[in-house]
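What follows is a short report on a single structure.
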Amino acid sequence: MFTYQQIQNLNDLELGVYNYVIQNIDEVKTMKIRELSEKAHVSTTTVLNFCSKIGCDGYSEFKVKLKLHQESLATTEYTDDTVAMMDFFKKINTSAFKNEIDHCAKIIAQSNNVFFYGIGSSGILGQYGARYLSNMGIYATHISDPFYPIPELPDTKPTLIVLSVSGETSMVLHRVSEYKEKQFNIISITNSDSSTLSKISDGTVGYYMPIEKKGPIHNVTTQVPVIHIIEMLARQAFELKNNE
Numbered sequence: 001m002f003t004y005q006q007i008q009n010l011n012d013l014e015l016g017v018y019n020y021v022i023q024n025i026d027e028v029k030t031m032k033i034r035e036l037s038e039k040a041h042v043s044t045t046t047v048l049n050f051c052s053k054i055g056c057d058g059y060s061e062f063k064v065k066l067k068l069h070q071e072s073l074a075t076t077e078y079t080d081d082t083v084a085m086m087d088f089f090k091k092i093n094t095s096a097f098k099n100e101i102d103h104c105a106k107i108i109a110q111s112n113n114v115f116f117y118g119i120g121s122s123g124i125l126g127q128y129g130a131r132y133l134s135n136m137g138i139y140a141t142h143i144s145d146p147f148y149p150i151p152e153l154p155d156t157k158p159t160l161i162v163l164s165v166s167g168e169t170s171m172v173l174h175r176v177s178e179y180k181e182k183q184f185n186i187i188s189i190t191n192s193d194s195s196t197l198s199k200i201s202d203g204t205v206g207y208y209m210p211i212e213k214k215g216p217i218h219n220v221t222t223q224v225p226v227i228h229i230i231e232m233l234a235r236q237a238f239e240l241k242n243n244e
């Protein structure tokens with residue numbers, strides 16, 4: 001409900017309102033504006049300014065949004081991914097999917113430097129990917145710091161393997177564009193090969209699983225297909241490299 005940009009724009013008094021709301025959401029849902037102002041030790045004008053800065057047209061709308069937000073968190077249901085995963089494992093036997101794997105594996109096999117990049121859960125999978133590829137005999141590194149300086153690797157055909165569920169995360173897209181400027185090949189593993197990340201990649205593999213979120217921020221979409229794709233790419237790249 002509260003974005004980073006909204007919180008950043010609050011002054012000290014309005015932050016006092018925000019902190020009280022976060023710590024006492026159940027009570028605030030039934031409070032009148034004067035009650036909240038007294039509890040947060042600010043004026044009603046400050047409360048209204050706070051409401052305005054978080055995108056609410058008055059205190060009444062703020063309470064409605066707060067209630068709806070709490071209800072959405074309480075009623076989150078998680079689906080059984082079995083059917084979707086069965087569909088995925090059927091898809092990997094199609095010629096179209098095999099062509100995607102073959103194309104990306106060739107890029108990896110021809111590269112002298114391979115890096116994995118991702119944020120959050122995708123970053124953890126990137127660590128696994130780098131280790132698995134290295135175990136297969138193709139040394140790879142995981143970039144854990146999204147702001148780590150991009151290495152200058154002329155004439156080495158460097159490859160960046162990017163993991164992202166949505167393929168639309170602004171920080172990821174910004175960094176990928178910087179790597180492309182350094183002549184890195186980009187391979188993306190994402191939930192949709194029609195995402196922006198996929199469109200700017202040299203090779204992409206999509207897995208198309210139902211998107212699931214816990215609240216407005218935390219993505220809990222299953223990552224089982226990602227692990228399988230990483231292992232398929234590693235094995236295929238290893239075979240290609242050994243057959244050169």
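In terms of full-length UniProt numbering, the sequence shown has 11 at position 11, counting the first letter as 1, and numbering is strictly consecutive.
Heads up, the beta-carbon is just placed ideally off N, CA and C, and yes, glycines get one too.
For residue i, three-class secondary structure by DSSP
i	result
VAL172	helix
residue 251	Since the displayed the chain opens at 1 and closes at 244, residue 251 lies outside it and no answer follows.
PHE88	helix
ASN93	coil
Close-in-space but distant-in-sequence residues of the same chain around residue i (CB under 8 Å, 5 per side omitted)
i	result
GLU152	LYS182
SER134	ALA140
LYS90	none
TYR20	VAL28, LEU36, LYS39 and ALA40
ARG34	THR44
VAL47	VAL17, ILE33, LEU36, SER37, ALA40 and TYR59
Same chain only: Cβ atoms within 7 Å of residue i, ignoring 5 sequence neighbours per side
i	result
GLN110	LYS157
LYS106	LEU240
VAL42	LEU13, GLY16 and VAL17
ILE101	VAL205, MET232, LEU233 and GLN236
TYR132	ILE230, GLU231 and ALA234
GLY137	PHE238
GLN8	none
LYS199	none
ALA84	MET209 and PRO210
Outcome for residue i when other beta-carbon atoms lying within 10 angstroms are tallied against a minimum of 16
i	result
MET86	exposed
PHE62	buried
PHE115	buried
TYR59	buried
VAL176	buried
ALA40	buried
GLN223	buried
HIS174	exposed
THR169	buried
TYR207	buried
VAL172	buried
THR93	In the sequence as presented, Thr is not what sits at residue 93; that position holds Asn. Exposed.
ALA96	exposed
Integer Cβ distance of residue i from residue j, believed to fall under 8 Å
i	j	result
ASN49	GLU14	6 Å
LEU160	TYR179	5 Å
ILE187	GLY203	5 Å
LYS23	LYS53	The sequence given here has Gln at residue 23, not Lys. 19 Å between Cβ atoms; not a contact.
PRO210	PHE88	The Cβ separation is near 11 Å, so there is no contact.
Beta-carbon proximity list for residue i, same chain, < 6 Å, skipping 5 on both sides
i	result
LEU163	GLY118, SER122, LEU125, GLY126 and ILE189
ASN113	LEU153, THR156 and PRO158
Complete beta strand (DSSP E) runs within the UniProt domain "SIS" (104-243) (minimum length 3 residues, chain order): 114-117, 140-143, 159-164, 185-190 and 203-206
Scan the UniProt domain "HTH rpiR-type" (1-73) and note each continuous alpha helix (DSSP H) run of 4 residues or more that stays entirely inside, going in chain order. Counting only runs of 4 or more, we get 4-8, 12-23, 25-28, 33-39 and 44-53.
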